[in-house]
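Positions 3 to 191 (our numbering) are the ones given, in order, by the sequence shown.
Where is the CB? At the ideal position from N, CA and C, for every residue including glycine.
The next block holds one structure in the form of structure tokens; read it before the comments.
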Amino acid sequence: MSTYKTSDFRKGLKVQIDGEPYLMVEMNFVKPGKGNALYKCRLKNLIRGTTLDRVYKGGDTLDSADVEEVDAQFLYKQVDTFVFMNQETYDQYELSAEQVDDGWKWIKEGTVCKMLLYNGNPITMEPPPHVNLKVEYCEPGARGDTATNVTKQIKLETGGEVLAPLFINIGDILRIDTRTGEYVERVRS
């Protein structure tokens, strides 16, 4: 297992602390007038989602986490379990509703997602940055209501909901930014 020195510390680094994987969310370098340089780090537990603040002195080391990111295709949902398949090895992975979190709103069968594996076991899933989804239900827009930025609630084919402009109708295909959960544009078919 490789290790990272403090000079390697940066945002996005995946390290192992007390046998659990952490993501370095924030890293600040502090050089006081006297003494060693300090590295103030905020770390997010990749399994539980909790955060941890730690301070390291120059020369300290951290072990790298055995974390791998793979492309996995969403196959189907079974009660509270989401089943994915690795695009390269065809291994199937099951994630709980807690692990998928709000990502379920943006995935339909066949969607390829980024999956994070720790020691070969799936821990989180991230949908693609943009997805095209069909409008399943929305209220009809009122004619003549042309005020700017007027929106309405739209229900998508996955069951997720977004705010979109009044001109959107049932059956339209919308591009959604999965990072913010916002409507981007209507896609011409």
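Cβ-Cβ distance between residue i and residue j below 7 Å
i      : j      : result
Val32  : Arg44  : no
Val189 : Ile175 : yes
Val15  : Ile125 : Position check: residue 15 holds Leu in this sequence, whereas Val was assumed. It is not a contact, given that the beta carbons lie outside the stated cut-off.
Asn121 : Arg177 : no
Lys46  : Asn30  : no
Val102 : Gln75  : no
Enclosing alpha helix (DSSP H) for residue i [first to last residue]
i      : result
Glu100 : Ala99 to Val102
Segment limits, beta strand (DSSP E) that includes residue i
i      : result
Lys157 : Thr153 to Leu158
Glu22  : Glu22 to Val32
Lys36  : No beta strand (DSSP E) contains Lys36, which DSSP labels as neither H nor E.
Gln75  : Val69 to Gln80
Leu135 : His132 to Cys140
Asn171 : Segment: none, Asn171 is in no beta strand (DSSP E) and carries neither H nor E.
Thr126 : Asn123 to Glu128
For residue i, three-class secondary structure by DSSP
i      : result
Lys107 : helix
Ser9   : helix
Arg188 : strand
Gln50  : One point to set straight first is that residue 50 is Arg, not Gln, in the sequence displayed. Looking at Arg50 - three-state DSSP - the assignment turns out to be coil, as it is neither helix nor strand.
Thr63  : strand
Thr91  : coil
Leu15  : coil
Closer than 7 Å to chain C by CB, residue i
i     : result
Glu70 : Protein chains in the displayed structure number just one, and chain C is not present.
Rounded separation between residue i and residue j - CA only
i      : j      : result
Phe84  : Pro130 : 16 Å
Lys107 : Thr160 : 6 Å
Val57  : Glu71  : 27 Å
Ser9   : Glu22  : 22 Å
Thr63  : Gln18  : 11 Å
Gly162 : Met127 : 17 Å
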